[in-house]
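Undergrad: For reference, the structure I am asking about is given below.
There are 2 protein chains.
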Amino acid sequence: MELDIAHLTAFAAVVEEGSFDAAARRLHLTPSAVSQRIKALESRMGQILVRRTKPAQATEAGHVLARLAGQISLLESEALTELTGGRESAGLARQIPIAVNADSLATWFLPALAALGEHYSRLTFDIRQEDQDHSAALLRDGSVMAAVTAEPQVVQGCRTERLGAMRYLAVASPALGVDPLPMITNTYQPHRSTSVHDHRKGADALGSIPMLVFNRKDALQDRFAEMVTGSRQELPVTYLPSSRGFVEAAQLGLGWGMVPEQMARPALDDGSLVELVPGRHLDVPLFWQRWRLDSPALAALTAAVQDAAAVALRSG
Amino acid sequence: MELDIAHLTAFAAVVEEGSFDAAARRLHLTPSAVSQRIKALESRMGQILVRRTKPAQATEAGHVLARLAGQISLLESEALTELTGGRESAGLARQIPIAVNADSLATWFLPALAALGEHYSRLTFDIRQEDQDHSAALLRDGSVMAAVTAEPQVVQGCRTERLGAMRYLAVASPALGVDPLPMITNTYQPHRSTSVHDHRKGADALGSIPMLVFNRKDALQDRFAEMVTGSRQELPVTYLPSSRGFVEAAQLGLGWGMVPEQMARPALDDGSLVELVPGRHLDVPLFWQRWRLDSPALAALTAAVQDAAAVALRSG
Chain A
1 MELDIAHLTA FAAVVEEGSF DAAARRLHLT PSAVSQRIKA LESRMGQILV
51 RRTKPAQATE AGHVLARLAG QISLLESEAL TELTGGRESA GLARQIPIAV
101 NADSLATWFL PALAALGEHY SRLTFDIRQE DQDHSAALLR DGSVMAAVTA
151 EPQVVQGCRT ERLGAMRYLA VASPALGVDP LPMITNTYQP HRSTSVHDHR
201 KGADALGSIP MLVFNRKDAL QDRFAEMVTG SRQELPVTYL PSSRGFVEAA
251 QLGLGWGMVP EQMARPALDD GSLVELVPGR HLDVPLFWQR WRLDSPALAA
301 LTAAVQDAAA VALRSG
Chain B
1 MELDIAHLTA FAAVVEEGSF DAAARRLHLT PSAVSQRIKA LESRMGQILV
51 RRTKPAQATE AGHVLARLAG QISLLESEAL TELTGGRESA GLARQIPIAV
101 NADSLATWFL PALAALGEHY SRLTFDIRQE DQDHSAALLR DGSVMAAVTA
151 EPQVVQGCRT ERLGAMRYLA VASPALGVDP LPMITNTYQP HRSTSVHDHR
201 KGADALGSIP MLVFNRKDAL QDRFAEMVTG SRQELPVTYL PSSRGFVEAA
251 QLGLGWGMVP EQMARPALDD GSLVELVPGR HLDVPLFWQR WRLDSPALAA
301 LTAAVQDAAA VALRSG
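Chains as they are written, first to last, in the UniProt record's numbering: chain A, 1 to 316; chain B, 1 to 316.
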């Protein structure tokens, strides 16, 4: 079956921009011309491809075509760049859509993009901050080409590799009166054996001050509290969907929460945060999932992400 | 019409938690008991109140009851606290749901919560990071009690007041070769008169390096580019839905973007960012919208937000 690339491009623009009007502006067409192309493509496929909602969304069948459109667009742009020595690539879409979990985005991910360097300086990105459940759906339906995610399950048509583990520490402001053993507070001893007695004060604090939770899907704090106290508890919760906001809220005394060690370290060092239960932590493995696509840009991105993760994450 | 508070509580829990199972866990009931209460309430109202989707969502009619449930819960908790001198409030929901735009959350908002102080130390929050369009809907349907938003239009049943304006500066890494006049770079002169010549180099850079954009609804960069160049342009875009990520990406040379002056200032001072067009900026007025509700907690929160905004925002 042959597809009309102009129709496919119009379709992809509607899905990416979320409306026929915005797609028309991007493609320098009238909205009616965009609408005709979509209808022609739907007629060709014998299926509805776009739900006319606000924002406009691809149907199940549409997702397959959206992914195809993204793949064609990247390969086409790379081929033209190669053929013309880069002179004719400027007008073409070389935007890579990526899903990244919030804590990676707040710590090690952006430097990885910057490390792509001169050769890819014209590449742009469409970054989505997503939790792992959503990332798999975005990969499957073609909305993103790659994802940093805690989900190890391979998405069909994608390659998956382990990047390492992000270590989370339970932290709070010392002003809340949490009182871990002083000799441990400022010394990092991940393999230190701990006794129940050592945990007592920090563990008691778990139930007495609000727990900071990123959103309804964030179970890290509950897992940590259960690991330390040995039981599930009903704790008062403040929801705060911001990685940097988490650290700031903990420093301000609004509650305790699980923070990536990279973000906790400076605050632990300057004493604005203390560990609730020194020596105890949670490690969350992270994976890089990307489309199986022979694209130099995606390969370069993968290498840069691997390099940055090797430095920033724990191999354990 | 009298409503059964137990039914209303079950209903509110389903809407807040997003599922019958999670609501049952929170209320220490079986899912079937929760389901029966919802059905009883729906039968009483003669309308479907909850869409059984994933997540479960309130219908139009349900939104009215969700808002009522939130108001009753807060007033009840405050009355009991007053009557018992605080001894019996621990088990009651005193969580205030608030919508906050991302840049306020990243700058001045959390210190305002912390400033509520000892008297409200048991208060928790359900913070949603939302753009202005969505905030109005969340206020209307009762999902949040208050919002920091750029939307001045009064939501029915709410009070609105102006908090001040957030000033945005166009910044980029000096490594990108952007070359504003050196004498201006590190001196803040908001009212400096500028000539076309002064703008030239920074304005040229606008089109030559990628533009950082928060999401599809963020028009600040386009507005600034149009203000400075006098015309609408098609610029290469990297989407990055993170306030702190914006500053970091600009410092890393991934593009230029509009950043709140509070976040830009340290980077401008240490030379890791420069202003593209010194002396030009965009001011975005922010508003505090809250339910008309005679609640001491909401009043204390309002005062704390006003105080923090008076220091952090511009009055202009």
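We put the CB at the ideal spot given by N, CA and C, even for glycine. Bear in mind that the values here come from a model prediction, so they are computed numbers and not experimental data.
Is the CB of A/Val259 under 7 angstroms away from at least one CB in chain B?
TA: Start at 1 with the first residue of the first sequence, and residue 259 of chain A comes out as number 259. Judged by the 7 angstroms Cβ criterion, A/Val259 is not in contact with chain B.
Undergrad: Compute the distance between the beta-carbons of A/Gly164 and A/Leu282, then report whether it is under 7 angstroms.
TA: Position 164 of the first sequence, counted from the start, is the residue given in the question as residue 164 of chain A. Position 282 of the first sequence, counted from the start, is the residue given in the question as residue 282 of chain A. No, Cβ-Cβ distance for A/Gly164 and A/Leu282 is not below 7 angstroms.
Undergrad: Would you mind telling me which residues of chain A sit closer than 7 angstroms to B/Gly18, beta carbon to beta carbon, in chain order?
TA: Residue 18 of chain B sits at position 18 when you count from the first residue of the second sequence. In chain order: Arg216.
Undergrad: Pull up the CB-CB distance for B/Trp288 and B/Leu206, whole angstroms please, since I reckon it's below 8 angstroms.
TA: As a first step, residue 288 of chain B must be located in the second sequence, where it is residue number 288. As a first step, residue 206 of chain B must be located in the second sequence, where it is residue number 206. About 33 angstroms; that fails the 8 angstroms criterion.
Undergrad: Given this structure, state the Cα-to-Cα distance separating B/Ala93 from B/Asp141, to the nearest angstrom.
TA: Within the second sequence, residue 93 of chain B is the residue found at index 93, counting from 1. Within the second sequence, residue 141 of chain B is the residue found at index 141, counting from 1. Unreliable positioning characterises B/Ala93 in this predicted model, as indicated by a pLDDT of 46, which lies under 50. The coordinate reading is nonetheless provided below. Distance between the alpha carbons of B/Ala93 and B/Asp141 is about 19 angstroms.
Undergrad: Less than 7 angstroms between the beta carbons of A/Val247 and A/Ala150, yes or no?
TA: Taking the first residue of the first sequence as position 1, residue 247 of chain A is located at position 247. Taking the first residue of the first sequence as position 1, residue 150 of chain A is located at position 150. Going by C-beta atoms, A/Val247 is not nearer than 7 angstroms to A/Ala150.
Undergrad: Taking 7 angstroms as the threshold (beta carbon to beta carbon), is A/Arg244 in contact with chain B?
TA: The sequence position of residue 244 of chain A within the first sequence is 244, counting from 1. Among the CB atoms of chain B, one or more fall inside 7 angstroms of the CB of A/Arg244.
Undergrad: Which residue's Cα is closest to the Cα of B/Ile209: B/Asp270, B/Gln233 and B/Ala147?
TA: Here residue 209 of chain B refers to the residue found at position 209 of the second sequence. With distances taken between Cα atoms, B/Ile209 lies closest to B/Gln233.
Undergrad: Taking the alpha-carbon positions, what's the B/Gly18 to A/Pro236 distance?
TA: Taking the first residue of the second sequence as 1, we reach residue 18 of chain B at position 18. Taking the first residue of the first sequence as 1, we reach residue 236 of chain A at position 236. So the two alpha carbons sit approximately 18 angstroms from each other.
Undergrad: Compute the distance between the beta-carbons of B/Ala146 and B/Arg52, then report whether it is under 7 angstroms.
TA: Position 146 of the second sequence holds residue 146 of chain B. Position 52 of the second sequence holds residue 52 of chain B. For B/Ala146 and B/Arg52, no; Cβs fall outside 7 angstroms.
Undergrad: Which residues does DSSP pair with A/Val237 in a beta bridge?
TA: As a first step, residue 237 of chain A is located in the first sequence; it is residue number 237 there, counting from the start. A/Val237 is bridged to A/Met211.
Undergrad: From the DSSP output, which residues share a beta bridge with A/Tyr120?
TA: For this step, residue 120 of chain A is matched to residue 120 along the first sequence. Its beta-bridge partners do not exist; DSSP assigns none.
Undergrad: Quick check: the Cα distance between B/Leu105 and B/Ser135, rounded to an integer number of angstroms?
TA: The count along the second sequence starts at 1 and reaches residue 105 of chain B at position 105. The count along the second sequence starts at 1 and reaches residue 135 of chain B at position 135. Roughly 14 angstroms between the two C-alpha positions.
Undergrad: Roughly how many angstroms lie between the CA atoms of B/Arg223 and A/Ser315, to the nearest whole one?
TA: Looking up residue 223 of chain B in the second sequence gives position 223. Looking up residue 315 of chain A in the first sequence gives position 315. Taking the straight line joining both Cα atoms gives about 45 angstroms.
Undergrad: Quick one: which residues of the stretch 290-308 of chain A get their C-beta closer than 7 angstroms to a C-beta of chain B? List them in chain order.
TA: none
Undergrad: For a test of the three-state rule: what should DSSP assign to A/Leu169, helix, strand or coil?
TA: Here residue 169 of chain A is taken as the residue at index 169 of the first sequence, counted from 1. Correct three-state label for A/Leu169: strand.
Undergrad: Is the Cβ of B/Gly91 closer than 7 angstroms to any Cβ of chain A?
TA: Residue 91 of chain B sits at position 91 when you count from the first residue of the second sequence. Summary for B/Gly91: the model assigns pLDDT 44, below 50, so the residue's position carries little reliability; its value from the coordinates is reported in the next sentence. Interface criterion not met: the Cβ of B/Gly91 is under 7 angstroms from no Cβ in chain A.
Undergrad: Hey, does B/Gln262 have any beta-carbon neighbour from chain A nearer than 7 angstroms?
TA: Along the second sequence, one-based indexing puts residue 262 of chain B at 262. So, not an interface residue.
Undergrad: Let's test the definition: count the other Cβ atoms within 10 Å of the Cβ of B/Glu161 and tell me whether it reaches 16, buried, or not, exposed.
TA: Position 161 of the second sequence, counting from 1, holds the residue named residue 161 of chain B. B/Glu161 is exposed by the Cβ-count criterion.
Undergrad: Which residues, taken in chain order from the stretch 124-157 of chain A, show a beta carbon closer than 9 angstroms to some beta carbon of chain B?
TA: Thr124, Phe125, Asp126, Ile127, Arg128 and Gln129
Undergrad: Would you mind working out which of A/Arg167, A/Gly70 and A/Leu75 sits nearest A/Ala13, comparing C-alpha positions?
TA: The residue given as residue 13 of chain A occupies position 13 in the first sequence. Selected option, being the one with the closest Cα: A/Gly70.
Undergrad: Could you have a look at B/Met145 and say whether DSSP puts it in helix, strand or coil?
TA: As a working mapping, residue 145 of chain B is identified with position 145 in the second sequence. Three-state DSSP puts B/Met145 in coil, outside helix and strand.
Undergrad: Is residue 317 of chain B close to chain A? Criterion is C-beta to C-beta, closer than 7 angstroms.
TA: Outside the shown range of chain B, which is 1 to 316, sits residue 317 of chain B, and nothing can be said about it.
Undergrad: Would a C-beta distance cut-off of 7 angstroms place B/Ala250 and B/Val148 closer than the cut-off?
TA: To locate residue 250 of chain B, count along the second sequence from 1; it is residue 250. To locate residue 148 of chain B, count along the second sequence from 1; it is residue 148. It is not a contact, given that the beta carbons lie outside the stated cut-off.
Undergrad: With 16 other CB atoms within 10 Å as the buried threshold, where does A/Val280 fall?
TA: For this step, residue 280 of chain A is matched to residue 280 along the first sequence. Note on identity: in this sequence residue 280 of chain A is Arg, with Val being the wrong assignment. Around the beta-carbon of A/Arg280, 16 or more other beta-carbon atoms lie within 10 Å, marking it buried.
Undergrad: Whole angstroms is fine: what's the gap from A/Phe125's alpha carbon to B/Arg265's?
TA: For this step, residue 125 of chain A is matched to residue 125 along the first sequence. For this step, residue 265 of chain B is matched to residue 265 along the second sequence. So the alpha carbons of these two residues sit roughly 26 angstroms apart.
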